[in-house]
Structures are given as C-alpha cells and as structure tokens.
C-alpha cells in the first residue's frame with residue numbers, strides 16, 4: 013500500500029510548503045537514512061524531509077494526515093533498536109535542523125530546546141552557569157534530545173540522577189491531528205493526567221516533539237572514581253549488591269567482563285588489571301566531607317567481597333583513564349569481530365551472578381562469543397553478541413541467542429529493554445513480557461493519539477497476530493500462548 | 010496480609026456489566042482531595058500486605074490497601090525511606106491512595122515525585138481486566154509508561170492492585186536551620202542555594218521565617234550551615250511532619266486553601282491572604298477568599314496552575330485543561346474505563 017498518492021505528487025505537495033533543498037527524493041540522498049544504529053535492518057523511505065521551522069512540520073503533518081502517509085521522525089539516528097528505521101510507504105522526518113537552544117533559565121535551572129539539539133550541547137550551554145543536563149547516554153555527543161525523549165534514554169549516571177523521564181519538565185508536542193499539546197512546565201507538576209510520563213519513551217508513536225524543557229543540575233561538589241578487579245565475575249556481582257545495600261548510591265557503577273577487558277586493552281590500553289575476570293568502576297560524588305567517608309566505605313566493601321585489587325583515582329586524569337576503557341568498550345569489541353549485536357535487558361541486581369552464568373551457557377550452546385559490559389548498579393545488562401554477518405545463518409543465530417537472553421531477563425523479574433527501546437528489534441520479546449490485554453491497551457492508547465496509525469507505525473508494540481505467530485514457535489511456561497486467537 | 014483481588018475483580022466485572030459507577034476507597038484520609046462524588050464504594054481496605062521487599066534491590070511491592078505506616082515502618086528498619094516523603098492526612102493512609110493522589114511531601118524538591126519513584130503497577134481496568142505495567146527495576150522502557158500515567162489520576166483510569174516503589178537509603182544525618190527573610194528574598198535565596206550542590210532536602214517559608222533542611226553526612230551539613238547562616242532548630246522531625254501533614258499553624262484555617270504550582274524562582278504571587286512556600290518556591294499555599302478566576306489567572310500568568318486543595322468544593326477543583334488536552338484525556342479514560350465507572354467526575358466533571 014503506497015497510499016492514495018504517487019511519490020512524485022507527494023514530493024510536489026511538500027515542495028509547496030518547504031524550501032527546495034528540504035525535500036530529498038533521490039536514491040543517494042535517501043541512502044543515509046536507510047537505517048539507524050541497528051544496521052541489520054534497512055529500509056529506504058519514499059522521501060526524506062528536513063524542516064527547519066515548526067510551521068513546516070505542521071504543514072508536513074497536515075499533508076501526511078490527508079494522504080495517510082506514515083511519518084518516522086528521526087534525530088541523529090543513533091537508536092540501537094531500529095526506532096528510526098524508515099517505513100517503506102512513508103516519509104522520514106529529519107528534525108536535525110531544529111537545533112536551537114531557546115533559553116537557559118539559570119534561576120529556575122531549566123533549558124528549553126528544540127528537538128534536534130544534541131544531548132551534550134545542552135550541558136555545554138549550561139556549563140558557564142555551573143549547571144548540566146544529567147542523562148548521559150553513551151551516544152551523547154551525537155544523539156538528540158528528541159530521540160532521548162522518544163526512547164526515555166538512560167546512561168551511566170542514571171543510577172543516581174534518573175532517566176530522561178526524571179529530567180524532562182515540559183514538552184510541546186504536535187499531534188498527528190495538527191494540535192499542539194503543552195505538557196508540564198517549569199513547575200513540578202501539572203493539572204490532569206501525567207501525559208508527560210506517557211509521552212516520554214513512547215518511541216515517536218504518540219506525537220512529535222517540537223520543544224522540550226529539561227531540568228538542569230548543579231555540578232557535584234567533587235567526585236572520586238574507584239576501580240576494583242575480581243577473579244570471578246560472581247564476586248563482582250555480589251560486590252555490586254554489597255555497595256548498594258550499605259546505603260551508598262554511586263553516581264555510576266559499571267562492570268566489564270574478561271572479554272571486554274582484553275578488547276579494551278588492545279584498543280586503547282586503559283591499564284586494567286590483566287588477570288581480572290571482571291572489573292567494577294564505581295564513581296562517587298558529593299560534598300568533600302561526605303565523599304571521603306563513602307570512598308572508604310566502598311573500598312572496604314570491595315575488599316570484603318574479595319576484590320584482588322582496588323584502585324582509587326588520585327586525580328581527574330587517572331579517573332578519566334579508569335573510564336576510558338568503559339567508554340571505548342563498544343568500538344573495542346567491534347575490533348574483535350565483523351559484527352556485534354548489543355542487548356539491553358534489565359534484571360533485579362540479586363540475579364546478576366545467575367544471569368551472567370546463564371548467558372555464558374547460552375553462548376556455548378549457540379557457539380557465539382558474548383561479552384558483557386554494563387550498568388551493574390541498576391541491573392541494566394548489555395550483553396554484546398559477536399558474530400559475522402557474512403557467515404550464512406550467523407545473524408539469525410545471534411538474534412536467537414539475543415532473544416533467549418531477553419526472555420531470561422523477563423523470567424527473573426526484569427525487562428527486555430532498559431534504555432534502548434523496543435523499536436523493531438524486540439517486538440517478539442514484547443509478546444513474552446506482556447499479555448494480550450496489556451498489548452491491546454497499548455494499541456488503544458496509540459489509537460487515542462493517532463487513529464490512522466501514521467506515527468512510526470509497526471514499532472514498539474507487536475500486533476496480537478505477530479505474537480500468535482511468534483508463540484507458535486515459542487511455548488512459554490509450558491502453555492500455548494494466545495489459545496483464543498484463530499490460527500491459519 | 011490478605012489478597013482480595015478476586016473479590017474486587019468480580020465486583021468490578023459486575024459494575025462493568027451494569028454500568029454502575031464506583032467510588033474507590035481505601036484509607037479515606039484524602040477524600041477531601043478532588044471533586045465530591047457519590048457512588049457505591051469499592052473498598053480496597055482489606056487488600057493488604059507487603060508482597061516483596063528487597064532492601065538490597067531498593068524496592069518494595071505491596072498491595073494497594075496496605076497502610077502507608079506499615080510500609081514506612083518496614084523500610085525504616087532497613088534504614089530506607091520513600092523518596093517522595095508522601096503525606097498521610099490521617100492514620101489510615103494507604104499505598105493505593107498515595108499513588109492515586111500522587112501527592113509528595115517536602116523531600117520532593119530533591120528526591121522526586123510519587124510518580125518518579127514508581128517502578129511498576131498492577132491495575133484492574135474498568136472492565137475488571139488485570140494489567141501489569143512497568144516492573145521492579147528502575148530502567149525499563151518496554152511499552153508505554155502506563156504505570157506512571159496512573160499515578161495522580163485519582164483512580165479514574167484503573168483500580169490499583171499493587172505497586173512497586175523505588176526506595177532510597179535514609180540520609181546519615183538531617184538538620185534544619187532557620188533564617189528570617191522577606192518573601193521575595195526567601196524565594197531568591199532558595200534558588201541561589203539550589204544552584205549549588207548543597208544537599209538541601211526541604212524548604213518552607215511561613216511568611217516570616219525560612220526553614221531549610223539539609224540531608225547528608227554530619228560534616229557536609231556543618232560545612233553548608235556555615236555557608237547559609239541562620240540558626241539550627243531542634244525538633245526537626247516534628248517540624249517537617251507538621252508541614253507535610255499540614256498540622257503546622259499556617260494550615261489551620263477556615264479559609265479555602267489553594268495549592269499553586271509555579272516555576273520555583275517566581276516572585277511572590279499577587280493573591281490576597283496569607284501564603285506559605287515549599288519546594289524552593291515551586292509550591293505556593295494560599296489561604297484566600299479571592300475569587301477562583303483571579304487565582305487561576307494569576308497562576309497562569311507565571312506559567313503555573315492552581316488547585317483548590319481544601320475548601321468549599323466548587324465544580325472545578327483542578328486547573329481547567331486546554332481543549333486538545335481534554336480531548337485526549339477523554340480518549341484515554343475511554344481506553345482504560347470504557348463505560349466510565351471508575352471514580353467518575355473525581356478529577357474533572359467530564360472524566
């Protein structure tokens with residue numbers, strides 16, 4: 013179904029409302045948009061549009077609504093779940109040109125920005141006032157706030173400072189019906205339902221972000237970074253629990269396994285202990301006086317959990333070195349393998365040791381290597397499956413292995429995605445995490461905002477039909493899922 | 010500790026069949042909040058018990074009728090707190106009522122709202138179907154965030170069955186200091202200090218004195234006290250309990266009490282009558298006989314909204330919504346409560 017209009021006529025419609033160079037229709041112009049950071053999925057859109065004004069977006073949405081053309085909004089295209097994958101019948105709405113920082117309100121500690129502003133650019137603009145924007149997804153140099161809102165992005169420091177959800181105060185949303193919704197404000201709550209919470213993390217399916225007001229925080233007084241090495245990954249997992257159960261909330265608490273340590277050593281030589289089966293990086297921040305107490309406490313906990321080595325960074329330079337390997341983990345692992353597939357389940361921390369062991373068993377079962385580098389403090393795993401797409405069947409095996417890891421996360425009381433989103437990637441696993449009634453509720457919410465299903469259709473929420481098909485291959489808890497759905 | 014989910018479900022299924030409106034009731038301590046409604050009661054009072062409490066995981070899951078006191082006692086034994094410091098407004102306050110009302114206490118200012126500490130909810134929709142959203146882990150982006158949408162919806166979108174909340178370690182030490190300042194100076198100072206990393210966990214201004222609570226290690230607090238000045242007060246716990254529960258002298262009054270939510274650094278509002286300030290300026294309490302429209306207009310002028318918190322229930326308790334927003338509210342109500350039987354009219358007449 014290509015809608016009721018040819019692509020040439022559609023382009024003409026957009027030319028009426030956009031500058032000439034804002035409508036891209038040639039194959040070589042569309043190619044850069046065929047995928048986001050989940051490169052295994054590719055699709056060219058019919059057209060890509062580059063509006064630079066809110067009025068242009070309104071005009072685009074009006075045309076799309078009239079001709080029932082799907083709209084996929086895109087920021088920097090750094091989604092790891094295919095959230096910005098184009099729709100074959102639709103247009104790609106690139107919001108990168110809407111990159112103005114509208115206001116830094118120092119005394120209310122807010123920044124009001126357009127959706128195409130990069131995450132890091134907000135902190136850079138707030139820096140002269142001693143303020144910053146806390147959520148820091150690893151792609152923060154490139155990723156945009158619009159994308160962060162769509163995905164409810166996390167990052168290294170959300171253990172202490174929260175996810176995107178906790179740091180957005182207001183949104184100006186364009187609905188597919190062309191109405192502008194003002195949600196939230198510089199104040200701390202609003203009248204009516206919490207639509208702000210519903211909008212954040214809705215993967216671009218409920219509305220288009222035109223403007224966001226984010227919370228800014230003062231920089232912490234000081235920070236200290238510790239590095240601990242363990243001869244068994246289980247001991248590192250237990251130490252994570254040990255730290256948090258002693259009442260310490262680190263700013264960040266990260267774990268790297270042996271394969272990752274070796275990869276980073278080859279890639280950027282951060283000088284991690286080479287005999288370690290796992291290392292933990294723990295960043296603490298706070299007031300001088302309280303910080304030193306916490307450093308001593310965490311050090312003791314690490315030693316009590318049989319760390320074979322504990323280092324406390326002497327200065328910022330050494331702290332950066334501790335972080336270097338963690339931050340370079342993904343490119344480092346990329347050097348070990350032609351392709352990798354990064355997963356994103358979250359589990360209650362107490363199951364860390366068990367889940368890591370099970371992942372290692374799944375790795376053996378499918379004969380693919382899996383590296384683990386992740387946000388240990390909040391139980392957010394990033395198993396990285398190493399594979400070679402040129403070997404027939406290896407991508408499929410990697411996806412199967414990844415799916416089994418996510419189902420394991422659900423089994424221990426966790427979730428299939430902690431911060432990357434469902435996108436096109438985890439639709440099948442959504443069937444494992446949610447019941448038919450729950451999925452129906454999601455579809456009904458989608459329809460309440462977008463009855464024709466034009467905004468990012470096919471993402472995030474699987475159809476019940478798809479779940480039935482998936483279920484046919486996948487008997488969950490010994491029960492045939494969706495027994496009430498007719499099968500063909 | 011008892012599970013009455015099946016009984017509640019069957020009552021709800023009947024009500025759905027008969028299109029019979031229900032008024033959801035647990036501890037009845039916050040019934041004053043919202044519009045008055047008259048409908049058959051659906052009691053959650055017996056649906057109680059802590060289902061899971063994992064101190065090292067920093068979460069607790071409990072049934073909706075569980076007394077808030079029971080939850081706070083259990084977590085206090087492990088030196089943990091509910092980050093949002095919710096008010097009780099009476100001994101029988103429950104977890105369900107707390108989440109349905111979404112009201113946070115003094116610590117809101119640095120530890121987040123009730124919604125911010127929700128990890129997951131289990132609800133019955135208006136057809137009596139059991140739905141689970143969110144979970145027990147902080148990072149969870151699977152599906153739309155219905156668990157947080159439910160929070161503060163005053164029971165109009167679903168009947169809460171259980172809730173998982175994120176917990177925080179209890180601060181090592183807390184102290185309160187007091188300074189005498191005029192209103193605009195107090196607003197200014199609160200926001201200047203909040204622009205620094207000082208561990209300010211509560212602020213209250215009564216029209217004369219500014220109270221500031223610091224939560225951290227003893228040594229850090231001492232360092233901040235030097236910077237802020239003022240005098241320490243002794244009875245810190247009682248003081249903040251009185252603010253939270255509105256038993257402080259300011260709140261004892263026959264006049265209507267307005268809750269006005271504004272950007273924190275907003276100057277003193279132009280509304281007749283006495284006022285008090287919380288949350289670094291973001292929450293203004295006004296005891297005022299001024300007419301409703303003038304109060305709402307003043308709130309809107311500064312980018313905020315006004316709620317008639319206590320007083321003669323008018324038709325409109327909450328700030329009126331824009332047309333597109335009300336249209337969406339109605340559609341969402343339709344999704345979760347198709348025949349409109351859950352606390353109809355509690356929030357807005359149209360919902």
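Chains as they are written, first to last, in this note's numbering: chain A, 13 to 500; chain B, 10 to 360. Ideal Cβ placement from N, Cα and C applies to all residues, glycine included. These numbers were taken from a predicted model, which means no experiment stands behind them.
| Item | Value |
| --- | --- |
| Beta bridge counterpart(s) of residue 267(A) as assigned by DSSP | 292(A), 386(A) |
| Buried versus exposed, by CB contacts within 10 Å (16 or more), residue 243(B) | exposed |
| Selected residue, minimal CA-CA separation from residue 201(A), among 82(B), 48(B), 271(B), 303(B) | 271(B) |
| Residues of its chain near residue 421(A), where Cβ-Cβ distance is below 8 Å and the 5 sequence neighbours each way are ignored | 357, 358, 359, 367, 393, 427, 428 |
| Option in 133(A), 162(A), 220(A), 191(A) with minimal Cα separation from residue 82(A) | 220(A) |
| Cβ-Cβ distance between residue 230(B) and residue 223(B) below 8 Å | yes |
| Neighbouring residues, chain C, relative to residue 274(B) (Cβ below 7 Å) | Looking at the structure shown, chain C is missing, and the protein chains on hand are A and B. |
| Chain A residues whose Cβ lies nearer than 7 Å to that of residue 138(B) | 449 |
| Chain-ordered chain A contacts of residue 63(B) [CB-CB under 8 Å] | 360, 362 |
| Spatial distance of residue 181(A) from residue 286(A) (CA atoms) | 44 Å |
| 6 Å CB neighbourhood of residue 42(B) in its chain, flanking five on each side removed | 110 |
| 7 Å Cβ cut-off: residues of chain A touching residue 88(B) | 259 |
| Partners in chain B for residue 170(A), counting only beta-carbon separations shorter than 9 Å | 147, 148 |
| Residue 184(A) - DSSP class collapsed to helix/strand/coil | strand |
| Contact belief for residue 111(A) with residue 129(A) at Cβ below 8 Å, rounded distance in angstroms | 5 Å |
| Same chain only: Cβ atoms within 8 Å of residue 165(B), ignoring 5 sequence neighbours per side | 342, 346, 351, 352, 353, 355, 356, 360 |
| Cβ pair count under 8 Å reaching 3, the stretch 211-225 of chain A against the stretch 291-298 of chain B | no |
| Near-chain A residues of the stretch 290-324 of chain B - C-beta to any C-beta below 8 Å | 291, 292, 312, 313, 314, 316 |
| Reduced DSSP category for residue 45(B) - H, G, I as helix; E, B as strand; rest coil | coil |
| Member of 442(A), 413(A), 131(A) whose CA lies at the smallest distance from the CA of residue 376(A) | 413(A) |
| Contact with chain A by residue 157(B), beta-carbon distance below 8 Å | yes |
| Residue 195(A) classed as buried or exposed, judged by whether at least 16 other C-beta atoms fall within 10 angstroms | buried |
| Nonlocal neighbours in the same chain, by C-beta distance under 7 Å from residue 52(B), ignoring five residues either side | 34 |
| Which listed residue (211(A), 478(A), 99(A)) has its alpha carbon closest to that of residue 56(A) | 99(A) |
| Strand pairing of residue 284(B), partner residues [DSSP] | 295(B) |
| Coarse secondary structure for residue 144(A), derived from DSSP in three states | strand |
| Per-residue DSSP class, three states only, for residue 97(B) | coil |
| Residue 366(A), DSSP secondary structure in three states | helix |
| Spatial distance of residue 73(A) from residue 79(A) (CA atoms) | 10 Å |
| Cross-chain neighbours of residue 213(A) in chain B, by beta carbon under 8 Å | 150, 153, 154 |
| Residues that DSSP places opposite residue 324(A) in a beta bridge | 238(A) |
| 8 Å contact criterion, which residue 207(B) and residue 236(B) should meet: CB distance rounded | 7 Å |
| Touch test, the stretch 429-445 of chain A against the stretch 148-162 of chain B, Cβ-Cβ under 8 Å, three pairs minimum | yes |
| Three-state secondary structure assigned by DSSP to residue 496(A) | In this prediction, residue 496(A) has a pLDDT of 45, which is less than 50 and means its spatial position is unreliable; nothing more can be read from the coordinates. |
| Exposure label - residue 114(A); buried when at least 16 CB within 10 Å | exposed |
| One or two residues paired with residue 156(B) in a DSSP bridge | Per DSSP, none; premise fails for residue 156(B). |
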